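Asker: Here it is: the structure, laid out below.
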DNA sequence: TCTGGGGTCCTAGGACCC
DNA sequence: TCTGGGGTCCTAGGACCC
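In the working numbering, the protein residues as written are 192 to 613.
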């Protein structure tokens, strides 16, 4: 074997972030809710044991939460994002080649470390992150990313592995695949799992043994790669560079239903600002924008409405005044009075590098002036916070604001939220 | 009453061209 | 009467991920 990957993922990441700063939560059931305190999106092991499910609506589990005194938190992405960056920094000690796969997972290229004691190395990674940051992680090591995912998963289930499992031995891999359901393989979702069931493919081992043509036919080329990875053939490379996004989306549900066009527009304007900020951060400009607004999907029949409108720009842009103007115009076109809106947002599409924008002779915008304005705003917001400078169109009442009833302090990024010791 | 948000990739099929 | 064949581009929809 020539390749070797480690997948390091943080256990119950959002819950663990809360616990780092409030050790009293150790050993107790804890959950973190999605934006707007809508669904359960992270659970401590104790909360899992109570039967709280991932993605379950919070109101459905109110009783359970009260009865067992489950500690509840609103999402605190400022805290989680910062903790995530610290974990990545710590992990980069262990390999020069690292892919940040998600907020709580990284792949490490262990390239030619076959000669080292991998088990000891995996344990050392785990111990270091725990010691430096108080963050519990699990480590899976294997010759492909897909197998590393499986190793990681099993490391949490096996008492013997204690959160660090190496899968390089052929017989160990076979055993691991036989103990893993096909639907738990990375890249096999609910739909494919059900389809595979119909063909008698139940375990990861069954999936490993299907023919290439079967995989290609029923799971597309993506699934074929997965099957090959299960056999130990690396097909999915490490992505070292932060990928430039091809689309950028910003949307939020409202804390309460909104009926007024003006107010929906205020929320949308705020989303445009956030989205355009992300756009400029990766030095892109957008050639098009889709604006949408909708009621709750769960509203009664006749009260459900959802629509979108796409606008194409003559010249790709990153200018907020321009984007806001187009967004509000599109919103006016799709807004229908009489509905109780729950959500609005936008996608920026057809992104191109800012450096390669072709100027149009029909252009009526003073791009240089807008550019200087955007730079100034970015600097101000960076320094004084995101809402330090606002457009009049964003309004001041913010009745649409998220519900966040149980937000913890931003311990690591706000001076006023620093933890106090006596 | 209350149900998250942000992405990627692939394929099939239609439009269009010569 | 007999109504081609091959290629590209675009989009909507479906699948997946965290």
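Even glycine gets a Cβ: it sits at the ideal position worked out from N, Cα and C.
These figures come from a predicted structure and were not determined experimentally.
(1) Taking the alpha helix (DSSP H) that residue 498 falls in, what are its first and last residues?
(2) Tell me, please, which residues DSSP counts as bridged to residue 331.
(3) Is residue 517 buried or exposed, if buried means 16 or more other CB atoms sit within 10 Å of its CB?
(4) Suppose contacts are defined by Cβ-Cβ distances below 8 Å. Is residue 314 in contact with residue 329 by that definition?
(5) According to DSSP, is residue 346 part of a helix, a strand, or is it coil?
(6) For the beta strand (DSSP E) that contains residue 515, what are its first and last residues?
(7) Do residue 480 and residue 502 come within 8 Å of each other at the CB atom, strictly closer than that value?
(8) Are three or more beta carbon pairs between the stretch 428-448 and the stretch 365-385 nearer than 8 Å?
(9) Which residues does DSSP pair with residue 248 in a beta bridge?
(10) With a threshold of 7 Å, establish whether the CB of residue 344 neighbours any heavy atom of the ligand NAD.
(11) Are the Cβ atoms of residue 418 and residue 392 separated by less than 8 Å?
(12) Where does residue 214 sit, in a helix, a strand or coil, going by DSSP?
(13) Using a Cβ-Cβ cutoff of less than 8 Å, which residues in the same chain neighbour residue 414 once the five nearest sequence positions on both sides are dropped?
(14) Within a Cβ cutoff of 6 Å, which residues of the same chain sit near residue 204, ignoring the five residues on either side of it in sequence?
(15) By Cβ distance, which residues of its chain are closer than 6 Å to residue 248, with the 5 residues on each side in sequence left out?
(16) Helix, strand or coil for residue 414 per DSSP?
(17) Which residue from 353, 302, 608 puts its Cα closest to that of residue 196?
(18) Our contact map puts residue 262 next to residue 219 with C-beta atoms below 8 Å; I'd like the distance itself, whole angstroms only.
(19) Following the continuous alpha helix (DSSP H) through residue 453, name the residue where it begins and the one where it ends.
(20) Can you tell me the Cα-Cα spacing of residue 459 and residue 497, whole angstroms?
(21) Drop a sphere of 10 angstroms on the beta-carbon of residue 210, count the other beta-carbons inside from all chains shown, and report buried for 16 or more, exposed for fewer.
(22) Taking only runs that begin and end inside the stretch 349-404, name each unbroken beta strand (DSSP E) of 3 or more residues, in chain order.
(23) Could you give the C-beta distance for residue 307 and residue 423, rounded to a whole number, given that I count them as a contact under 8 Å?
(24) Please work out which residues of its chain come closer than 8 Å, Cβ to Cβ, to residue 450, disregarding the five sequence neighbours upstream and downstream, and give them in chain order.
(25) Using three-state DSSP, classify residue 338 as helix, strand or coil.
(26) Just tell me which of 543, 495, 482, 470 has its CA closest to the CA of residue 566.
(27) When DSSP builds the beta bridges, which residues end up paired with residue 443?
(28) Taking DSSP as the reference, what is the three-state secondary structure of residue 614?
(29) List the residues that DSSP assigns as beta-bridge partners of residue 482.
(30) For residue 448, does the three-state DSSP call read helix, strand or coil?
(31) Report back the beta-carbon spacing between residue 536 and residue 475 to the nearest angstrom; my notes put them in contact at under 8 Å.
(32) Ordered along the chain, which non-local residues of its own chain (more than five positions away) have a Cβ less than 8 Å from that of residue 282?
Answerer: So, to answer that:
(1) No alpha helix (DSSP H) contains residue 498, which is instead part of the beta strand (DSSP E) from 497-508.
(2) 198, 356
(3) buried
(4) no
(5) helix
(6) Looking at the DSSP string, residue 515 is not in any beta strand (DSSP E); the run it does join, the alpha helix (DSSP H), is 511-525.
(7) yes
(8) no
(9) 230
(10) Of ligands this structure carries none, so the ligand NAD is not represented either.
(11) no
(12) helix
(13) 378, 379, 383, 406, 407
(14) 295
(15) 230
(16) helix
(17) 302
(18) 6 Å
(19) 452-472
(20) 15 Å
(21) buried
(22) 355-357
(23) Residue 307 to residue 423, Cβ: 20 Å. No contact.
(24) 528, 529, 530, 531, 532
(25) helix
(26) 470
(27) 535
(28) What is shown of the chain runs 192 to 613, which leaves residue 614 out entirely.
(29) 500, 537
(30) strand
(31) The Cβ separation is near 18 Å, so there is no contact.
(32) 199, 289, 297, 299, 316, 320
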